[in-house]
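See below for the structure under consideration.
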Amino acid sequence: MYFLEVVLIGISLAMDAFAICLCQGLASKNKGSLALKLGLTFGAFQAIMPWLGYSVGNIFSSKVSTYGNILAFIILVLIGINMIKEGKEEEEKCDIEIGLKALLGMGIATSIDALAVGLSFAMNGQQHIYLYVMIIGIVTFIISVVGTNLGSKVGELLGSKAHYFGGTVLIILGLKALIG
Numbered sequence: 002m003y004f005l006e007v008v009l010i011g012i013s014l015a016m017d018a019f020a021i022c023l024c025q026g027l028a029s030k031n032k033g034s035l036a037l038k039l040g041l042t043f044g045a046f047q048a049i050m051p052w053l054g055y056s057v058g059n060i061f062s063s064k065v066s067t068y069g070n071i072l073a074f075i076i077l078v079l080i081g082i083n084m085i086k087e088g089k090e091e092e093e094k095c096d097i098e099i100g101l102k103a104l105l106g107m108g109i110a111t112s113i114d115a116l117a118v119g120l121s122f123a124m125n126g127q128q129h130i131y132l133y134v135m136i137i138g139i140v141t142f143i144i145s146v147v148g149t150n151l152g153s154k155v156g157e158l159l160g161s162k163a164h165y166f167g168g169t170v171l172i173i174l175g176l177k178a179l180i181g
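Heads up: take any position in the sequence shown, counting from 1, add 1, and you land on the working numbering.
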């Protein structure tokens, strides 16, 4: 897998976090510390969850290696479609009060897709999982910090459109996994 592909996966997975960060940035006066908190939380969860998915997927990958590209395709396309549907159905809720419990909840909620992507990495026999999760975590951290800081400027304009972008990229990567 090429570096650019992993970065695109990281960008796609970060779209939920980006939408929340835009919203939180819109509602907060102290964007600096909030951006750091959100960036670290979302970046960490987006790095941990693909690794967990990969670890679980490796248990089963030898049994289904023949169909790994088909499974990766199905997983990525379903995640992409779900992200697009989420963008149509609801806007992210803005919540100014962010404690540890809320941060953990948002971290888990926004990284479930990353768990499935980790499974697809295992099914495709990817070897450099530590590099991939590091890239995904860093990309998510950067996007979260930028999203929080841009919240007051573009939050209302881009919120649900971020889901469309992320979903579309995952579907394209799923098609590439099926073909390749």
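Every residue gets a Cβ at the ideal spot worked out from N, C-alpha and C, and that includes glycine.
| Query | Result |
| --- | --- |
| Whole-angstrom C-beta distance between Val146 and Gly40, which should lie under 8 Å | 4 Å |
| Close-in-space but distant-in-sequence residues of the same chain around Asp17 (CB under 7 Å, 5 per side omitted) | Thr111 |
| Coil, strand or helix - Asn59 by DSSP | helix |
| Start and end residues, alpha helix (DSSP H) containing Gly106 | 101-124 |
| Nonlocal neighbours in the same chain, by C-beta distance under 6 Å from Ala123, ignoring five residues either side | Tyr55, Gly58, Asn59, Ser62 |
| Proximity of Phe19 and Gly108 at Cβ, strictly below 9 Å | no |
| Rounded separation between Asn83 and Leu9 - CA only | 17 Å |
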